[in-house]
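> For the first sequence, our numbering assigns the number -7 to the initial residue and increments by one for each residue that follows.
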Amino acid sequence: MGCLLRPDFCERPAPEVAPDLLGWELWGDDGALRARVVEVEAYTESDPASHSHRGRTRRNEAMYGPPGSLYVYFVYGMHWCANVVCGSEGVGEAVLLRAVAPLTGRSTMAMRRGRTANSLDLCNGPAKLCQSFGMDGSHDGSTLCGGGMFDLRRGPGGLGPVAKGPRVGISRAREVPWRWYVTGDPHVSR
DNA sequence: TAAAAGATCCCCT
DNA sequence: GGGGATCTTTTAT
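Right, dumping it as structure tokens:
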């Protein structure tokens, strides 16, 4: 069910990969958790807002790993955020998963989130989706192309129109329009 | 060595 | 709409 992500799909500039990831499905817990990607943002080395802009550090090391792997980082003292690593190995690019729309496993997500299963507030933010899926620093660098705790699979298509605009929550390069989202989807973060 | 900022979220008003 | 939580990384002194 669903064609698995392949590294070569991600071995392109993040701003090219990002809109192409909309409509893909994030799977976790051996397929018990599934959600459709509805909002993403791109980050590159030349981008002042990117963690990789000032070169490699212990924190951003996974951004330079193989395309199709995860970059998971800790922020604001309490939250995890997940990215799909893009570009060739050795290049620091990634696509932030900002929001996904739950398909299956809502009860597990709700328990982890401290919400009810019918809530719209399960995966509508980068830290929320990590909490719902149980993603944290232990998954930093792991693959999304099969065999790991999480993977991405091509969805059935039929997405609505896609919009593009400035990224959320950054202070530098505010004007760069590298956020893409499914117009009108209630699970988009804003 | 100290201070500030940070790819967020939650609860209050 | 606004501020606090909470701590790692980055930047300033």
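Virtual Cβ for every residue (Gly too), placed ideally from N, Cα, C.
Nearest to residue 22 by CA position, among 154, 144, 178 and -1, is which residue?
Among 154, 144, 178 and -1, the Cα nearest to that of residue 22 belongs to 144.
> Give me whichever residues DSSP pairs with residue 172 in a beta bridge.
BP columns for residue 172 point to 32 and 156.
> Figure out for me which residue from 8, 18 and 154 has the closest Cα to the Cα of residue 136.
Nearest C-alpha to residue 136: 18.
> Excluding sequence positions up to five away, which residues of its chain have a Cβ less than 6 Å from the Cβ of residue 15?
Only 147 and 151 meet the Cβ criterion.
> Can you list, in chain order, the residues of its chain whose CB lies under 6 Å from that of residue 104, leaving out five sequence neighbours each side?
The residues are 123 and 124.
> Quick one: what's got a C-beta closer than 7 Å to residue 45's C-beta in the same chain, skipping five residues either side?
So the list reads 37 and 39, once near-sequence residues are dropped.
> By a C-beta neighbour count over all protein chains shown, 10 Å radius and 16 as the cutoff for buried, is residue 132 buried or exposed?
Residue 132 should be labelled buried.
> Let me check understanding here. Comparing Cα to Cα, which of 70, 84 and 159 lies closest to residue 76?
Of the candidates 70, 84 and 159, the one whose C-alpha sits nearest the C-alpha of residue 76 is 84.
> Take the Cβ of residue 156 as the centre, count every other Cβ of all protein chains shown within 10 Å, and call the residue buried at 16 or more, exposed below.
Exposed, by the Cβ-count rule.
> Whose C-alpha, out of 79, 68 and 51, is nearest the C-alpha of residue -2?
Comparing Cα positions, the closest option is 79.
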